[in-house]
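Protein chains in written order, with our numbering: chain A, 43 to 377; chain B, 319 to 732. We put the CB at the ideal spot given by N, CA and C, even for glycine. Since the model is a prediction, treat every value here as computed from it, not as a measurement. Data first, discussion second: the structure below is written as structure tokens.
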């Protein structure tokens, strides 16, 4: 069994009456790239802020690198590295000066500091521009320095909070390469938060899907996608009753049929169905989980034609994390 | 050490910020230059203050001197005999008493230094005493200068008259040089000095230095701009939070106290650098451009002490502003209040001895006032530590208050 570097137990954060993180529990293994996937405002950054000592938890705790978050915060902070979502750098200072400063904050001095700064500059491929003021860098380069600043003290556990926001595809690929190399070559454990499903799918071995302060699913990516079976078909109808759902469950290729929690507004004449607005009349949607979406689709259409039931909308959700999230929450990741 | 790393980083950032450097070092120089050249400010508009005078001299110089004070405006001399004046001062019916010694005219005519005494009641308002003393001092300087120049020129005239017509020793240029020389001497070694004491303190005479525009403007604007740098600290903390680096620092293994102390240390360095530059300008540059130079007086170490206490107070104010302000505009607004309103109340634009009545009382509610008063005590009145200890304690108290409220209200996770 893999050794855990992070074990979170009932971690909660309340701001007044608002509960931003709702007693979450999970663990991360040493050497793992673990994803926290969820839309903006889901509570990912708040959770990371607590685990890195920036915010004090309202209740619950975590054990990080063998140290208790509540009782041994200083030791926890030495284990952790944080790459915040913001470009937390000093634009008038050079990349080297920024990195040296953050190194000193972690107690590095002299030759050791110089060596580590050179090392992380190499990791993010910025040795040539190291003495230029960060303010003159492109967005992607700034992101790379931002990552380097979180690495300079060689943390065991690196928190990367939305590290690719606002960067060009080339820099994004560079960041992905850096993350993989850090994990592969240095055995660094990485917690990667994003609302980009593709990034999490590409990098992470396990993913916790977060929504409204809760972890609504946690597993390996194949297991999460398997939740959708062969795919999900959403069928909009004028009327739905339990008898209809029972009949649908009997169709060949269908695993489950249920009424979606989120009704959909009627599609406009020239486009796709839109999401719900409080003042727009809606119609019910049946969510059909299939064993094979193509086979099930043919049978479902045949089923409704035979009974002369009009289909208001039809949507096939391919098996991926984006649709797992849609399946679990009824909304898109980037809403 | 981590605290020092933060401070070093902030100083590097400030050194790369031309706007801040301009505000810290150039702006004070411009203000001092303008206000030093303005000389006395608004004295004519002051209501005449009563000054009881005991004239023990029967000569004409004393009468001319009293006339000179009345003509200067702002002070109205009331002649009284010694016993009546002493009784009234003791009873508190009068607040100040100036004694002109019996040898006043004779000493003056003999070109000997003569001392005037202003005896104050213990309850006398210091600010009013300062105003009266300044006017008396001005009249004394005018009269001494006039006496010295007249004496000198008379002597030269007598020598000239005694020589044969073809051997006249003094040319027009030589006479002018002599006049200029007397003018300089009158500044360096005033013929009439003013001493202040309270009844029963004849052994504790406090002698005033001649007051120049520079002597008032340099410390006043030093105080003003040192407190303005509180805004620099507040803005630095705000920017750190805005870009997210504050969050990164919070995630590092260092205490919140180290973090805040690291943010305030640069202000200490700025303040000390500011004072060195401003005082250096006052002492060395001002004389080069024809203005009076700043004189540190007998207690230069006290100047350092005042600067340190003031720097602590200003840094506390910086933390307080950072704790209270939510936006960059709010920091700008609060910095403006610190600069203009508190500066004016604290005596930056008008010397504190001119702030009377309500304004004078309100001024005591701002730290600028106490810093200015301490500077004024050392640089103008030549006071020692006992004379400014109250000012320093109040200033330190303000600093402590700012710190406590600032740290209490500071939201590290906002």
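The alpha helix (DSSP H) runs of length 4 or more contained entirely in the stretch 121-192 of chain A are, from start to end of the chain, 137-147, 152-165. In terms of CA proximity to residue 457 of chain B, B:385 leads the group B:385, B:584, B:530, B:684. Of B:603, B:578, B:414, the smallest CA-CA separation from residue 441 of chain B is found for B:414.
For residue 236 of chain A, the enclosing beta strand (DSSP E) stretches over residues 231-236. Look at the stretch 122-138 of chain A: the residues with a C-beta under 7 Å from a C-beta of chain B are 122, 124, 126, 128, 129, 130, 131, 132, 134, 135. Boundaries of the beta strand (DSSP E) around residue 71 of chain A: 60-71. In this structure, DSSP gives residue 368 of chain B an extended state, which the three-state scheme calls strand. Boundaries of the alpha helix (DSSP H) around residue 88 of chain A: 86-93. Within the DSSP secondary-structure output, residue 302 of chain A pairs in no beta bridge. Under DSSP, residue 253 of chain A shares a beta bridge with A:256. Under the three-state reduction of DSSP output, residue 572 of chain B falls in the coil class, being neither helix nor strand. A direct Cα-Cα distance of roughly 21 Å separates residue 337 of chain B from residue 635 of chain B.
In this structure, DSSP gives residue 345 of chain A a helical state, which the three-state scheme calls helix. Using beta-carbon distances, residue 346 of chain A does not count as an interface residue toward chain B, since no partner is under 8 Å. When C-beta distances to chain B are compared with 9 Å, the residues of the stretch 107-121 of chain A below that value are 115, 116, 117, 118, 119, 120, in chain order. If you draw a straight line from the Cα of residue 641 of chain B to the Cα of residue 655 of chain B, it comes to about 16 Å. Every alpha helix (DSSP H) of 4 residues or more that sits fully in the stretch 616-703 of chain B is shown, in chain order, as 618-642, 646-654, 660-663, 675-681, 685-697.
Bounds of the alpha helix (DSSP H) holding residue 367 of chain A are 363-371. Taking 8 Å as the threshold, the shortest C-beta distance from residue 143 of chain A to chain B falls below it. Here residue 46 of chain A really is in contact with residue 71 of chain A; their C-beta atoms are around 6 Å apart, less than 8 Å. Assignment of residue 335 of chain B by DSSP, reduced to helix, strand and coil, places it in the coil class.
For residue 435 of chain B, the pairing in a beta bridge is given by DSSP as B:417, B:513. Around residue 136 of chain A, the same chain offers 172, 173, 174, 175, 176 as residues with beta carbons nearer than 8 Å, after the five sequence neighbours per side are excluded. Residue 96 of chain A reaches chain B at 565, 568, 569, 731, counting residues in chain order whose Cβ is nearer than 7 Å. In the three-state DSSP reduction, residue 223 of chain A falls in the helix class (H, G or I). Secondary structure at residue 357 of chain A: strand, using DSSP grouped into helix, strand and coil. Counting only Cβ-Cβ distances below 7 Å, residue 147 of chain A has contacts in chain B at 320, 323, 567, 570, 572, in chain order. Under DSSP, residue 394 of chain B takes part in a beta bridge, and its partners are B:368.
In this structure, the beta-carbon distance from residue 115 of chain A to residue 93 of chain A does not fall below 8 Å. Counting along the chain, the unbroken beta strand (DSSP E) around residue 53 of chain A starts and ends at 46-57. Minimum Cα-Cα distance from residue 325 of chain B among the listed residues A:202, A:239, A:146, A:120 corresponds to A:146. Taking C-beta atoms as the reference points, residue 576 of chain B and residue 327 of chain B fail to come closer than 8 Å. Sequence-distant Cβ neighbours of residue 62 of chain A in its own chain, meaning closer than 6 Å and more than five residues away, are 55, 85, 88, 255. Here the C-alpha atom of residue 168 of chain A lies approximately 50 Å from the C-alpha atom of residue 302 of chain A. DSSP places residue 96 of chain A outside both helix and strand once states are collapsed to three, so it counts as coil. One Cα belongs to residue 372 of chain A, the other to residue 152 of chain A, and the distance between them is close to 54 Å.
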